[in-house]
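Colleague:
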Amino acid sequence: MAPGGRSVIVGIDLAGSPRRPTGVCILRGITAQARIAHSDEEILDTVVRAKPDLVPIDAPLSLPPGRKTIHDRTGAHLRECDRQLQRRGIRFFPITLGPMRMLTERGLALKAKIEALGYRVVECYPGAAQDIWRIPRQRRDRAGLRQGLQALGVKGLASEMTGDELDAVTAALVGRCLLLGKGDMLGGQNGILVPRGKPE
């Protein structure tokens with residue numbers, strides 16, 4: 609992070625398929641610039657242009673113990689980070705469920721591509737952060753989520769932003785918490801990043 613807390617973070621709310629919208633947010637300091645992308649190439653282009661300190665992705669980026677691939681039917685259904693979310697009472701979809709398998713496969717591939725470019729990637733879950741910060745999740749109250757992010761200090765949020773874009777902003781903000789020493793990796797370094805406090 610640059611002096612004065614001026615970090616650059618690319619938060620990604622990844623869709624399981626390129627046909628569906630992926631939210632991408634470049635967070636410079638506390639100012640957000642979000643947009644929708646579809647292809648991996650669009651996402652990677654944003655990362656390369658931003659040269660971020662961190663890339664938090666809302667998608668599973670590791671497999672449950674005993675599974676070699678996401679299509680492997682043996683091994684556990686939950687990872688340690690998932691169990692820790694459960695213990696905190698945070699709702700989530702297990703990554704072995706049908707639609708989540710496609711998202712996991714894409715997330716793992718995208719993580720490898722971004723890391724090959726030299727950038728640090730972590731898994732995050734915007735819904736968990738929103739619960740911790742006591743602000744609405746986008747599916748329940750999109751306008752309330754935008755207002756909650758503004759109350760946390762985020763600048764540059766437009767009223768017409770989609771839920772995917774707001775989740776990407778949330779992902780980037782959680783990444784900022786990690787760089788400020790206010791984030792925890794549940795389940796270890798290959799687990800899920802959650803905020804320990806507010807991003808300032």
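FYI, the numbering for the sequence shown is 609 to 808, going by this note's numbering.
Heads up, the beta-carbon is just placed ideally off N, CA and C, and yes, glycines get one too.
Since we're looking at a predicted model, the values are computed, not measured.
1) Return the CA-CA distance between residue 610 and residue 616, expressed in angstroms with no decimal places.
2) Assuming residue 637 and residue 657 are in contact, meaning their beta carbons sit under 8 Å apart, how far apart are those beta carbons, in whole angstroms?
3) At what residues does the beta strand (DSSP E) containing residue 726 begin and finish?
4) Would you say the region 692-699 touches the region 617-628, given that touching needs at least three Cβ pairs under 8 Å?
5) Quick one: using the 10 Å Cβ neighbour count with 16 as the cut-off for buried, is residue 710 buried or exposed?
6) For residue 799 and residue 772, what's the separation of their Cα atoms in angstroms?
7) Note down the Cα distance separating residue 738 from residue 778, rounded to an integer number of angstroms.
8) Under 8 Å, with one C-beta from each stretch per pair, do the region 748-756 and the region 676-685 reach the 3-pair mark?
9) In angstroms, rounded to a whole number, what distance separates the CA positions of residue 670 and residue 795?
10) Excluding the 5 residues flanking residue 644 on each side, which residues of the same chain have their C-beta closer than 8 Å to its C-beta?
11) Note the first and the last residue of the continuous alpha helix (DSSP H) segment covering residue 642.
12) Can you name the residues that DSSP bridges to residue 636?
13) Rounded to the nearest angstrom, how far is the Cβ of residue 730 from that of residue 723, given a contact under 8 Å?
14) With respect to the alpha helix (DSSP H) encompassing residue 781, which residues constitute its N-terminal and C-terminal limits?
15) Grab me the residues of residue 776's own chain with a C-beta within less than 7 Å of its C-beta, minus the 5 sequence neighbours each way, in chain order.
16) Could you pull the start and end residues of the alpha helix (DSSP H) that residue 735 belongs to?
17) On the premise that residue 760 lies in contact with residue 807, defined as a C-beta separation below 8 Å, what is that separation, rounded to the nearest angstrom?
18) Just confirm the distance between the C-beta atoms of residue 651 and residue 732, as a whole number of angstroms; I'd bet it's less than 8 Å.
19) When you compare only the Cα positions, how much space is there between residue 653 and residue 715?
Modeller: In this structure, then:
1) At residue 610 the pLDDT is 49, less than 50, meaning the model places this residue with poor confidence; the figure from the coordinates comes in the next sentence. Spanning the two alpha carbons is a distance of roughly 9 Å.
2) About 17 Å; that fails the 8 Å criterion.
3) Premise fails: residue 726 is in no beta strand (DSSP E) and is neither H nor E.
4) no
5) exposed
6) 22 Å
7) 8 Å
8) Fewer than three Cβ pairs drawn from the region 748-756 and the region 676-685 lie within less than 8 Å of each other, which leaves the two stretches out of contact.
9) 11 Å
10) 629, 630, 631, 632, 770, 772, 773
11) Unbroken run through residue 642 is the beta strand (DSSP E), 639-645; no alpha helix (DSSP H).
12) According to the DSSP secondary-structure assignment, residue 636 is paired through a beta bridge with 616, 639.
13) About 11 Å; that fails the 8 Å criterion.
14) 771-787
15) 619, 620, 621, 631, 632, 633, 642
16) 734-741
17) 6 Å
18) The Cβ separation is near 15 Å, so there is no contact.
19) 16 Å
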